[in-house]
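Data block below; observations after.
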Amino acid sequence: MTSRRIISSEKTILDKDDADLQPGSGADGQSSTAPAVPMDVIIKLLAFTLAMVVIPIGSYFLTINTIFRGNSTYAGALAAILANVVLVGYVIVAMNEDQSEQLEAEKKKQKDRQGKAE
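The sequence shown runs 1017 to 1134 under the numbering used here.
Take a look at the structure:
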């Protein structure tokens, strides 16, 4: 049984892998550093996260002694209802944003079609 001898000028698999990891070895030499998620989406998510924390807890402590006169069950129920309202609001905003992106894409396609027809 013979073994294969590696010639010094021949690159091994490990050398080839190391060459692929060198900076700038990509096809165009540049990498994309653009965020995967737009900033307005991140801001909306952070705003609704803050609302999900502040609104139910705030409503509980504001209403427990003022409106419900110490009845924590009603104050807790109101906090739960308001948490669901915030959640439904986020879902509605997210769905509208998704629909607006689809409408923009359709308008762009129509403009491209009109440009090609002329």
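Backbone N, C-alpha and C define an ideal beta-carbon position, used for all residues, glycine too. Owing to the predicted nature of the structure, the values given are computational and were not obtained by experimental measurement.
From the options, residue whose alpha carbon lies closest to that of residue i
i: V1053; options: D1114, L1078, G1086; result: D1114
i: P985; options: L1066, A1099, Y1090; result: Coverage of the chain is limited to positions 1017 through 1134, which leaves residue 985 absent and any answer about it impossible.
Chain-order list of residues whose beta-carbon lies under 6 Å from that of residue i (same chain, five-residue window excluded)
i: Y1106; result: F1064
C-alpha gap between residue i and residue j, whole angstroms
i: A1096; j: D1056; result: 27 Å
i: V1109; j: V1102; result: 11 Å
i: I1059; j: M1068; result: 14 Å
i: D1128; j: S1116; result: 18 Å
i: E1120; j: M1111; result: 14 Å
i: S1048; j: K1123; result: 27 Å
Proximity test, residue i beta-carbon vs the ligand NAD heavy atom, cut-off 6 Å
i: Q1115; result: The ligand NAD is not part of the structure shown, which contains no ligands of any sort.
7 Å Cβ cutoff met for residue i and residue j
i: A1093; j: T1079; result: no
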